[in-house]
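Chains as they are written, first to last, in my numbering: chain A, 1 to 397; chain B, 398 to 581.
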Amino acid sequence: MIVKVSDNIISPLGMNTAENYAAVKAGRSELKRRDGLWNLPEPFTASLMNREVVNEIAAQKSIDDRYTFFEKMIILSAVKALEQTDIDPSSDKVLFVLSTTKGNVFLLDKRETGFPQERVLLGVAARQMTDYFHNPNAPIVVSNACISGVCAQIQAMRELEGFADNGACPVDPNGKRQSHKFDYVVVVGCDVQSAFIVSGFQSFKALSVEPCKPFDANRTGLNLGDAAATIIYTRKDTITDNDWVACRGAIRNDANHISGPSRTGEGSYRALKAVLGDMNPEKLAFINTHGTATLYNDEMESVAIERAGLAQVPVNGLKGYYGHTMGAAGILETILSMQAIDDNNILATKGFETLGVTHPLVLSNENKPTNKRAFIKLLSGFGGCNAALLMAKGGVS
Amino acid sequence: MMKHEVYITPNEVKVDEKVLSHNENGSALLTELYRTHVGDYPKFFKMDTLSKLGFVASELLLQAEGAPRFEPREDRAVIFFNRSASLQADTAYQATIQDPDNFFPSPAAFVYTLPNIVTGEIAIRNKYFGETSFIVLEDCDKNIMARELQNAFQDPMTKSILGGWLDCTDENHFAAKLYLIYKS
Chain A
1 MIVKVSDNII
11 SPLGMNTAEN
21 YAAVKAGRSE
31 LKRRDGLWNL
41 PEPFTASLMN
51 REVVNEIAAQ
61 KSIDDRYTFF
71 EKMIILSAVK
81 ALEQTDIDPS
91 SDKVLFVLST
101 TKGNVFLLDK
111 RETGFPQERV
121 LLGVAARQMT
131 DYFHNPNAPI
141 VVSNACISGV
151 CAQIQAMREL
161 EGFADNGACP
171 VDPNGKRQSH
181 KFDYVVVVGC
191 DVQSAFIVSG
201 FQSFKALSVE
211 PCKPFDANRT
221 GLNLGDAAAT
231 IIYTRKDTIT
241 DNDWVACRGA
251 IRNDANHISG
261 PSRTGEGSYR
271 ALKAVLGDMN
281 PEKLAFINTH
291 GTATLYNDEM
301 ESVAIERAGL
311 AQVPVNGLKG
321 YYGHTMGAAG
331 ILETILSMQA
341 IDDNNILATK
351 GFETLGVTHP
361 LVLSNENKPT
371 NKRAFIKLLS
381 GFGGCNAALL
391 MAKGGVS
Chain B
398 MMKHEVYITP
408 NEVKVDEKVL
418 SHNENGSALL
428 TELYRTHVGD
438 YPKFFKMDTL
448 SKLGFVASEL
458 LLQAEGAPRF
468 EPREDRAVIF
478 FNRSASLQAD
488 TAYQATIQDP
498 DNFFPSPAAF
508 VYTLPNIVTG
518 EIAIRNKYFG
528 ETSFIVLEDC
538 DKNIMARELQ
548 NAFQDPMTKS
558 ILGGWLDCTD
568 ENHFAAKLYL
578 IYKS
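Here it is as structure tokens:
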């Protein structure tokens with residue numbers, strides 16, 4: 001089975017998982033209105049890193065100004081997750097998977113001259129990280145819009161289950177068991193906000209100028225946020241009650257529209273069904289939704305959850321604390337959901353007040369106790385893509 | 398098991414190793430291929446070059462496969478790889494915000510600044526409800542692509558994959574090498 005080894009979150013709410021969880025549990029957020037930032041003509045609300053603080057902490061790890069801010073974030077988050085383990089990141093049994101949508105896109109701005117133009121390529125940016133760790137494997141970059149963070153974890157599960165490069169059978173004709181190609185996968189997700197991303201979402205009229213209100217009747221759009229998050233996974237034959245097991249993941253398309261969610265929640269519904277399998281939904285503590293607080297996304301998720309027969313399962317969303325952290329979101333929200341269950345807690349949906357979706361969902365703006373040990377992380381994104389991941393402490397039978 | 402393969406560059410088109418004749422080059426070649434071999438999907442003209450390339454290549458591939466088209470299905474995944482992600486669309490969008498005195502960010506341009514949009518275009522066209530994924534690599538590495546595609550069959554729903562390399566840096570620099578593979 002595939003289990004979590006360690007994790008890290010770097011965000012405006014803290015530089016490690018524990019700080020972030022404590023801040024979220026206490027209801028804190030760094031979502032603030034920004035007027036005139038990056039010379040953008042319209043104000044926006046975002047959760048942004050203090051770059052000087054990151055620069056200072058990164059420099060202590062020899063992550064200096066050779067690296068862009070995006071590269072500093074991914075390397076620092078990976079360093080902090082690796083520090084908790086005895087994994088040798090320079091081993092060829094360790095693979096790095098990066099989840100990002102826009103990486104170093106700010107380098108396209110003609111006013112940016114400090115770095116070679118090729119660093120705008122996601123594979124080249126990811127290579128800065130693997131070179132830092134002297135890792136010999138080509139990094140894999142998952143760039144699947146807003147679902148990238150869950151896709152990258154599914155990627156990690158598959159890499160750890162998989163065998164040789166050519167996909168050969170696990171048992172050769174002589175009955176000899178082949179060895180797995182990788183023993184550890186370091187999954188790092190990150191996006192850093194810029195004029196490029198903010199203006200694009202503004203052009204879509206997708207942003208709220210106030211802190212976002214997921215699933216609320218008065219929701220008006222999403223907020224954006226900076227973050228990096230890392231989970232390290234490995235393979236284990238025998239698991240204990242305290243192991244966090246990545247049980248099943250699925251990616252499904254709406255086959256409906258490239259920038260609008262499906263009215264029938266098609267892809268999310270199918271992804272939910274796929275990861276649920278024959279598991280009793282009663283075992284689920286909650287579904288951690290995408291919950292961007294756009295009109296259409298939250299409505300779509302309510303349809304998909306209802307169709308999947310999961311309307312009785314509590315749901316929550318964490319965008320009211322961090323905004324939409326894009327490539328980091330699926331990883332950051334999975335980590336906080338694991339932390340919450342470790343703490344017997346269902347995190348509050350900050351910003352939510354009055355249910356504003358067609359299908360009734362079990363939602364709260366207060367933390368609620370639970371003794372259940374499994375959850376589903378759900379995401380959806382442009383391109384009609386949707387992803388779900390079933391995580392269970394101690395695994396599911 | 399690989400059954401069909403399509404190869405498109407700005408001046409060459411091959412379907413299952415057979416060269417397809419054409420008059421145009423560059424992005425005009427993609428429009429020519431659309432007009433000659435597809436013709437019934439005007440959304441094509443709204444797409445960025447990466448999506449046009451993926452769309453036309455997938456159409457030629459599926460015509461070569463010869464199976465019934467447009468039946469809703471969840472058992473076929475669309476998984477592409479490239480080096481440049483959505484670089485052409487990114488550059489085009491950046492041009493709309495570069496000058497503060499001529500600032501005109503366009504949602505139609507912004508939506509293509511994600512490489513996986515092309516996988517969605519193909520899913521919509523073909524009613525594919527299965528997995529769609531986009532993976533960016535530093536270089537076109539056949540071993541990695543083979544590994545990832547084989548790994549994708551770990552999803553028990555996936556029985557075939559429309560996948561391969563799909564890269565575009567501008568209207569005159571692109572390459573598609575797409576194939577259909579089936580679960581063995």
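Glycine included, every Cβ here is placed at the ideal spot set by N, Cα and C.
Assumed close pair residue i, residue j - CB separation to whole angstroms, cut-off 8 Å
{"i": "residue 381(A)", "j": "residue 197(A)", "result": "With a Cβ gap of about 14 Å, residue 381(A) and residue 197(A) do not count as contacting."}
{"i": "residue 214(A)", "j": "residue 319(A)", "result": "6 Å"}
{"i": "residue 94(A)", "j": "residue 245(A)", "result": "Not confirmed; about 20 Å, so no contact."}
{"i": "residue 248(A)", "j": "residue 277(A)", "result": "6 Å"}
{"i": "residue 97(A)", "j": "residue 23(A)", "result": "So it is not a contact: roughly 27 Å between Cβ atoms."}
{"i": "residue 504(B)", "j": "residue 143(A)", "result": "Contact flag wrong, Cβ pair sits at about 20 Å."}
{"i": "residue 494(B)", "j": "residue 195(A)", "result": "6 Å"}
{"i": "residue 529(B)", "j": "residue 383(A)", "result": "7 Å"}
{"i": "residue 63(A)", "j": "residue 227(A)", "result": "Contact doesn't hold; Cβ gap of about 17 Å is too wide."}
{"i": "residue 416(A)", "j": "residue 510(B)", "result": "As displayed, chain A neither begins before 1 nor continues past 397, which places residue 416(A) out of reach and without an answer."}
For residue i, the residue or residues it bridges with in DSSP
{"i": "residue 6(A)", "result": "232(A)"}
{"i": "residue 47(A)", "result": "31(A), 225(A)"}
{"i": "residue 14(A)", "result": "11(A)"}
{"i": "residue 470(A)", "result": "Here chain A covers residues 1 to 397 and nothing more, so residue 470(A) does not appear."}
{"i": "residue 482(B)", "result": "In DSSP, residue 482(B) forms no bridge with anything."}
{"i": "residue 411(B)", "result": "404(B), 416(B)"}
{"i": "residue 565(B)", "result": "571(B)"}
{"i": "residue 409(A)", "result": "The structure shown does not extend to residue 409(A), since chain A is modelled only from 1 to 397, so the question has no answer here."}
{"i": "residue 368(A)", "result": "346(A)"}
{"i": "residue 576(B)", "result": "402(B), 560(B)"}
{"i": "residue 184(A)", "result": "94(A), 234(A)"}
{"i": "residue 140(A)", "result": "97(A)"}
{"i": "residue 362(A)", "result": "314(A)"}
Helix, strand or coil at residue i according to DSSP, with G and I counted as helix
{"i": "residue 324(A)", "result": "strand"}
{"i": "residue 382(A)", "result": "coil"}
{"i": "residue 204(A)", "result": "coil"}
{"i": "residue 417(A)", "result": "There is simply no residue 417(A) to check, as chain A begins at 1 and stops at 397 in what is shown."}
{"i": "residue 98(A)", "result": "strand"}
{"i": "residue 468(A)", "result": "Outside the shown range of chain A (1 to 397) lies residue 468(A), about which nothing can therefore be said."}
{"i": "residue 251(A)", "result": "strand"}
{"i": "residue 540(B)", "result": "helix"}
{"i": "residue 331(A)", "result": "helix"}
{"i": "residue 525(B)", "result": "strand"}
{"i": "residue 69(A)", "result": "helix"}
{"i": "residue 167(A)", "result": "Because residue 167(A) sits at a pLDDT of 49, beneath the cut-off of 50, its placement in the model cannot be relied upon, and the following sentence gives the value as read from the coordinates. Coil."}
{"i": "residue 209(A)", "result": "coil"}
{"i": "residue 532(B)", "result": "strand"}
{"i": "residue 554(B)", "result": "coil"}
{"i": "residue 341(A)", "result": "helix"}
{"i": "residue 133(A)", "result": "coil"}
{"i": "residue 508(B)", "result": "coil"}
{"i": "residue 581(B)", "result": "coil"}
{"i": "residue 106(A)", "result": "helix"}
{"i": "residue 516(B)", "result": "helix"}
{"i": "residue 115(A)", "result": "coil"}
{"i": "residue 263(A)", "result": "coil"}
beta-carbon residue i near the ligand FMN non-hydrogen atom, thresh 7 Å
{"i": "residue 311(A)", "result": "The model on display carries no ligand, and the ligand FMN is accordingly not part of it."}
Proximal residues of chain E, C-beta to C-beta of residue i below 7 Å
{"i": "residue 531(B)", "result": "The structure shown has no chain E; the protein chains it does contain are A and B."}
### Cβ-based contacts, 9 Å cut-off: residues of the region 410 to 425 of chain B near chain A
Within the region 410 to 425 of chain B, no residue has a Cβ that lies closer than 9 Å to any Cβ of chain A.
### Task
Name, going along the chain, the residues of the region 95 to 114 of chain A whose beta-carbon falls closer than 7 Å to a beta-carbon of chain B.
Listed in chain order, the positions of the region 95 to 114 of chain A with a beta carbon within less than 7 Å of a beta carbon of chain B are 101, 105, 108, 109, 110.
### Query
Looking at chain B, which residues of the region 28 to 54 of chain A have a Cβ within less than 8 Å of any of its Cβ atoms?
39, 41
### Query
Name the residues in the region 484 to 508 of chain B whose C-beta lies less than 8 Å from a C-beta of chain A; which are they?
Residues passing the 8 Å Cβ filter: 484, 487, 488, 490, 491, 494, 495, 497, 500, 502, 503, 504, 507, 508.
### Those runs of the beta strand (DSSP E) which lie wholly inside the region 428 to 503 of chain B and span at least 3 residues
473 to 479
#### Entry: Interfacial residues, the region 516 to 527 of chain B to chain A, with Cβ spacing under 7 Å
516, 517, 518, 520, 521, 524, 525, 526, 527
### Query
Which of the residues in the region 112 to 131 of chain A, read from start to end, lie with their CB under 8 Å from any CB of chain B?
120, 121, 122, 123, 124, 126, 127
### Task
For the region 128 to 152 of chain A, enumerate the residues whose C-beta is nearer than 8 Å to any C-beta of chain B, in chain order.
So the list reads 138, 139, 140, 141, 142, 143, 144, 145, 151, given in the order they occur along the chain.
#### Entry: Residues within the region 445 to 460 of chain B neighbouring chain A, beta-carbon criterion of under 8 Å
none
### Task
Below 9 Å between beta carbons is the criterion; list the residues of the region 250 to 263 of chain A that meet it against any residue of chain B, in chain order.
For the region 250 to 263 of chain A, residues whose beta-carbon sits nearer than 9 Å to a beta-carbon of chain B comprise 250, 251, 252, 253, 254, 255, 256, 257, 258, 259.
### Query
At a Cβ cut of 7 Å, what residues of the region 374 to 392 of chain A count as close to chain B, listed as they run along the chain?
Listed in sequence order: 382, 383, 384, 385.
### Residues within the region 285 to 312 of chain A neighbouring chain B, beta-carbon criterion of under 9 Å
none
#### Entry: Under 9 Å (Cβ pairs) to chain B, residues found in the region 220 to 246 of chain A
So nothing in the stretch comes that close.
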